[in-house]
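Asks: Here you go, one structure.
In the UniProt record's numbering, the protein residues as written are 1 to 1004.
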């Protein structure tokens, strides 16, 4: 059914998921029309007065200039002929990619539109662009439904515009014969329509050169006999898009909907130059409160590989820096609020675009500025599309800034702007050969959680060392030069600090994003357009080395800042601040409780998972995901639950990193809402262990014991506490990441110094170094996944210690990383540091320094009777003698790690160092160094003698320096028992356990 006053279309086909959509078939396209095509110009007075353009527009030259060349005025403005645009007829000078994949369907080049006028006429428009050189527009008007209003003569009152609907132009090449300016000087042109006797309609034909497209053809029907204008119902004039169409509201962002070969190559076969492929690209963006939007298309100069190597435009700079691309021309098209809007989504489809690699786009938004309601519109800013999957900095010509409806107050002309890039649609598909997929064979993860040793890695700092070639320092590709280092320390998973396009946070904090879908081009060696391929290359290299990749993402604070900052609008704030943001304590935060923002977040995550094949995400400031659009904390926040239930994302590692636990439900008693899917950065581990080891606080042994056992207060099931399912469900200990310091790739020694200073304790270098080593040991012996900052491993001694601890953890995984909190393969027993037995001083009442020491044994129970580890911690600043528990019958204690001693190399493996059996006089007691930690294992006497002989033999010959690895599971057992122990692996299925925190009453 047709609605009066609106040009109607056949129902749209549903869009496919992902970036690429499909246009209707040729038959459907020929019979279809687009949605309402009316556009606002100057308001028409009542009584059918003429819709007019600007009076000044009638005095402009007839040429319609489609571009703004860099450093020169428009030819049209200078009175010359129209310049040959770079949008359709020619391509910018650029090096074509080696392989091009243009995705889309065939473009039929035929569009039909229909509308009803106020007088009851049926107005049809057919746009035929199949010729390639000329776009024919045929407009017809039928009064069959209202014969009493049928005119004896009918004129078209018309004009053309692109960037402003109030200024009509009349290009000489497009004016039909017999046309004349409107006598009233309104700036419009009048053309007589002819009567088509056969069809029974009034008809008029325009032939618009394709080089002028895209543009809007605006018109009204004029009855000379009655001196009356016939307009559409809901707008002052009709509007037909030429060289473009209304577009589709989905998918958001840019998508190629059709592809056609250039007719200059004969109209058949493939064009010889990939840049000559003509595409129809759909652009859509959400903005509920904007009253007008403009699409900005920018053609940039793509630097050649030689120019990139020489450091020209678009070349890679120093770490964290990138040279902007240079714009060659700019074209802007205004969107009609009726034609190009469906609900709150603005959309437009531009046809005939070529050389997509050098084409960028952005938006200008305008609207009513109501600061109390959150609006921040200013059409002087070019705004990056939030859904852009490639983003680059571009230096615009001065004319682009002057062409804005209003000059931006805080955007110097020489400062680059961030624009979305269409290069991703023509770059060759990435070759992932040899890299394991994130999900395979029906398994939820490539590697079991219990095997995890996670390294937090900042690309810029990690790749800045001398072992990385100078040109790759601070870049994605520099990670490949340090793969051997990662494997040597036993890393199984790399957690990349934010790599989406953004800027560093205040006071050196984590990077804050500007583009949620696009990688940061500052880390690319080959220039901004190479960022995506180089990040994928680094991830592929990590996968081939058997290392998983988890990305840190930020959906709370962005680099746009707030009103107190520079005020520059770069994306979400300028498009619809009232929807995308809500007021935070210090700056606006993403409104993750709003449905539109939830869709944006989920789509961004799915894009990174599918396009870059990452194994998971670590959500910085995750508490923002637990709040609604008003900032209220929810037990079952919709966004967190949607991510946990997403068919793609739920199979990845979802890690919540909370910076403000007060903004979690139930006062963070159960941590982040998880539904048994979300993992969590265990901030309580760092708080309790740092208070014990760095500050030496008494009465903290119970809290420390809880953290070492896997934090059952956070991860054990609590179905009897009246909690919602998202908080009551249980999780395995490996769902917790034990970090000894906050995220941010900060050296552990610096974090210890800050914690000690805040507690009023001494923070000298020697103490901080000793405490940091003890914290590392605690991370690797506690149930849960250890998370270590890459900067901590910058010193060889720390790297050797982590490598040794990772080897111990691999050898004793069932004991140190149990599959459940109630695993029968792990039995913990707590001991008094004094001889004679007893329990630790849980209350902290004994003032003796030794009383605050903690000793525990970790046994394999009945399932693994030959396995026993002993761990001891000394938080005192003086040596402490602790009583060692009695080893099993026929076994002796062997020292694996003592953090008070340097980790020995293979050349000096004896003398009470790593892997050496303790002397007989130390089998019952051991002297621990200040702020030290000790790890021992029990080995049979016969095996101990054999190991001592082997150590002596190794020490007698030169070998490469390496930390001695502990024995594999089953060491010292019979061959059959050893094989069975080595073959056993921890289970990975979820569990349902009961209980709360640790209760200091014997073993657990």
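The C-beta atom is built at its ideal place from N, Cα and C for all residues, glycine as well.
Predicted model only: the values in this text are computed from it and were never measured.
What does the Cβ neighbour count give for residue 941, buried or exposed, with the cut at 16 atoms within 10 Å?
Replies: By the neighbour-count rule (16 or more Cβ atoms within 10 Å), residue 941 is not buried but exposed.
Asks: What is the rounded straight-line gap between the Cα of residue 691 and the Cα of residue 860?
Replies: Roughly 30 Å between the two C-alpha positions.
Asks: In angstroms with no decimal places, state the Cα-to-Cα distance between residue 717 and residue 924.
Replies: Whole-angstrom Cα-Cα distance: 39 Å.
Asks: Considering only the alpha carbon of each residue, which of 341, 226, 305 and 655 lies closest to residue 283?
Replies: The candidate whose alpha carbon is nearest that of residue 283 is 341.
Asks: CA-CA distance, residue 404 and residue 153?
Replies: Going by the C-alpha atoms only, they are around 41 Å apart.
Asks: Let me know if residue 279 comes out buried or exposed under the rule of 16 or more other beta-carbons within 10 Å of its beta-carbon.
Replies: Buried, by the Cβ-count rule.
Asks: Please state the DSSP three-state secondary structure of residue 685.
Replies: Reduced to three states, the DSSP call for residue 685 is helix.
Asks: Identify the residues that DSSP records as bridge partners of residue 709: which are they?
Replies: For residue 709, which the question treats as bridged, DSSP gives no partner whatsoever.
Asks: How is residue 427 classed by DSSP in three states: helix, strand or coil?
Replies: The answer is coil: DSSP assigns residue 427 none of H, G, I, E or B.
Asks: Classify residue 78 as buried or exposed, calling it buried when 16 or more other Cβ atoms lie within 10 Å of its own Cβ.
Replies: Only weak support exists for where residue 78 lies, its pLDDT of 29 falling under 50; the coordinates are left without a value.
Asks: Would you call residue 579 buried or exposed, if buried means 16 or more other Cβ atoms sit within 10 Å of its Cβ?
Replies: Result: buried.
Asks: Assign residue 720 to buried or exposed, taking buried as 16 or more other Cβ atoms, counted over all protein chains shown, within 10 Å of its Cβ.
Replies: Label assigned to residue 720: exposed.
Asks: Residue 666 to residue 350, Cα distance in whole Å?
Replies: Looking at the two C-alpha atoms, the distance is approximately 51 Å.
Asks: In whole angstroms, give me the CA-to-CA distance for residue 227 and residue 243.
Replies: Cα to Cα, residue 227 sits roughly 32 Å from residue 243.
Asks: According to DSSP, is residue 834 helix, strand or coil?
Replies: The answer is coil: DSSP assigns residue 834 none of H, G, I, E or B.
Asks: Can you tell me whether residue 181 is buried or exposed, with buried defined as 16 or more other CB within 10 angstroms of its CB?
Replies: Classification of residue 181: exposed, given that the 10 Å Cβ count is below 16.
Asks: Could you round the C-beta distance between residue 220 and residue 157 to whole angstroms and report it? I think they count as a contact, below 8 Å.
Replies: Correct: roughly 5 Å between the Cβ atoms.
Asks: What are the complete beta strand (DSSP E) segments, minimum 3 residues, inside the stretch 430-515?
Replies: Listed in chain order, the complete beta strand (DSSP E) runs (minimum 3 residues) inside the stretch 430-515 are 454-457 and 493-496.
Asks: Give me the Cα-Cα distance between residue 602 and residue 647, rounded to the nearest whole angstrom.
Replies: When rounded, the distance between both Cα atoms is 11 Å.
Asks: Check each candidate in 386, 651 and 369 and name the one with the smallest Cα separation from residue 379.
Replies: Comparing Cα-Cα distances from residue 379 to each of 386, 651 and 369, the minimum goes to 369.
Asks: Report the residue ranges of all alpha helix (DSSP H) runs contained in full by the stretch 621-695; include only those spanning at least 4 residues, in chain order.
Replies: Listed in chain order, the complete alpha helix (DSSP H) runs (minimum 4 residues) inside the stretch 621-695 are 638-645 and 683-693.
Asks: Look at the alpha carbon of residue 518 and the alpha carbon of residue 526, and state the distance between them as a whole number of angstroms.
Replies: Their Cα atoms are separated by approximately 16 Å.
Asks: Consult DSSP for residue 926 and reduce its assignment to one of helix, strand or coil.
Replies: Residue 926: strand per DSSP, three-state reduction.
Asks: Does the beta-carbon distance from residue 693 to residue 931 come in below 8 Å?
Replies: Contact: yes.
Asks: Are at least three pairs of beta-carbons, each pair with one atom in the stretch 609-628 and one in the stretch 548-558, less than 8 Å apart?
Replies: These segments touch.
Asks: Put residue 191 into one of helix, strand or coil per three-state DSSP.
Replies: Three-state DSSP puts residue 191 in a strand.
Asks: Look at the Cβ atom of residue 131, then the Cβ atom of residue 112, and state whether they are nearer than 8 Å.
Replies: Contact flag unset, no.
Asks: On the DSSP bridge list, what partners appear for residue 537?
Replies: Answer by DSSP bridge pairing: none, since residue 537 is not bridged.
Asks: State the start and end residues of the unbroken beta strand (DSSP E) segment that holds residue 599.
Replies: Not the beta strand (DSSP E): residue 599 falls in the alpha helix (DSSP H), residues 595-612.
Asks: Considering only residues of the same chain and omitting the five flanking positions on each side of residue 850, which have a CB-CB separation below 6 Å?
Replies: Excluding positions up to five away in sequence, the list reads 833 and 880.
Asks: Which residue wins for smallest C-alpha separation from residue 735, given the options 921, 383 and 787?
Replies: For residue 735, the nearest C-alpha among the options comes from 787.
Asks: Tell me, please, which residues DSSP counts as bridged to residue 282.
Replies: In the DSSP output, where bridge partners are listed per residue, residue 282 has 255 and 349.
Asks: In whole angstroms, what is the alpha-carbon distance linking residue 512 and residue 520?
Replies: Approximately 11 Å, taken between the alpha carbons.
Asks: Where does residue 260 land, buried or exposed, given buried means 16+ other C-beta within 10 angstroms?
Replies: Counting Cβ neighbours within 10 Å, residue 260 comes out buried, since at least 16 surround it.
Asks: Excluding sequence positions up to five away, which residues of its chain have a Cβ less than 7 Å from the Cβ of residue 392?
Replies: Excluding sequence neighbours, residue 392 sits near 325, 360, 419, 421, 521, 528 and 529.
Asks: Below 8 Å between beta carbons: does that hold for residue 121 and residue 141?
Replies: Taking 8 Å as the Cβ cut-off, residue 121 and residue 141 qualify as a contacting pair.
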